[in-house]
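With this note's numbering applied, the sequence shown closes on residue 132, and no number is skipped along the way.
We put the CB at the ideal spot given by N, CA and C, even for glycine.
Quantities reported herein were computed from a predicted structural model and do not represent experimental measurements.
All remarks here apply to the structure that follows.
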Amino acid sequence: MKMALQGNTLRIKDADNVQFTVIKSWNKMRWVKKLQELQGTADLELLDRLAGLVRLPPDVDRRRQELRTVQDAVDRQRVADHPAPLYDFPVKMPLYEHQVRGANMALITFGWVPPENQTNDRSVRA
């Protein structure tokens with residue numbers, strides 16, 4: 007099986023019948039008849055399932071680890087008792103905890119704050 011990552015799209019060629027059937031049953035990829043390949047968005051769920059099926063190429067595995075790091079950071083923010091803002095938000099009134107939590111998760115998800123840079127120093131500026 008050949009696997010390539012182009013941007014956020016995962017492309018799979020030359021999968022055997024068993025692999026093709028299993029991957030197709032997940033409904034995460036579609037068959038492109040013209041190119042004779044499977045294509046789908048390289049999200050964490052798909053990459054985790056593929057890692058359980060075959061060994062991932064280094065670039066695809068790196069993408070999986072990046073997505074896992076972001077997801078873990080978002081989960082840590084979700085369960086934090088008293089989240090500290092990761093950014094000095096331009097608001098007049100102080101934010102409630104659920105608002106800080108949601109804003110922090112958005113900053114991490116959209117890549118404006120690196121997942122490993124979650125300190126309370128408010129060093130990130132626009």
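* Asked: Is the region 101-117 touching the region 75-84 in the sense that three or more CB pairs, one from each, lie closer than 8 Å?
  -> Because the criterion of three Cβ pairs below 8 Å is met, the region 75-84 and the region 101-117 touch.
* Are R52 and L16 touching if we call contact CB-CB under 9 Å? -> The count along the sequence shown starts at 1 and reaches residue 52 at position 46. The count along the sequence shown starts at 1 and reaches residue 16 at position 10. Reading off the sequence, residue 52 comes out as Leu, not Arg. Cβ distance < 9 Å, so L52 and L16 count as in contact.
* Assess, as a yes-or-no matter, whether the region 27-44 is touched by the region 86-95 under the definition of 3 or more beta carbon pairs within less than 8 Å. => Too few Cβ pairs lie closer than 8 Å, so no.
* Asked: Within 10 angstroms of its Cβ, does M9 collect 16 or more other Cβ (buried), or is it exposed?
  -> Walking along the sequence shown from the start, residue 9 turns up at place 3. Answer is buried; the Cβ neighbour count reaches 16.
* Backbone CA spacing between W32 and L44 [nearest angstrom] -> Taking the sequence shown and counting its residues from 1, one reaches residue 32 at position 26. Taking the sequence shown and counting its residues from 1, one reaches residue 44 at position 38. When only Cα atoms are considered, W32 and L44 end up about 12 Å apart.
* To do: Please name the residue in Q77, K19, M99 whose C-alpha comes closest to that of L50.
  => If you number the sequence shown from 1, residue 50 lands on position 44. Looking at the Cα atoms, Q77 is the closest of the given residues.
* Cβ of P89 within 9 Å of Cβ of V66? -> Translated into positions along the sequence shown, residue 89 becomes position 83. Translated into positions along the sequence shown, residue 66 becomes position 60. Inclusion of P89 and V66 in the CB contact set at 9 Å is not warranted, their separation being larger than that value.
* With C-beta atoms as the reference, is L11 less than 9 Å away from A48? -> Taking the first residue of the sequence shown as position 1, residue 11 is located at position 5. Taking the first residue of the sequence shown as position 1, residue 48 is located at position 42. Yes; because the gap between Cβ atoms is below 9 Å, this pair is in contact.
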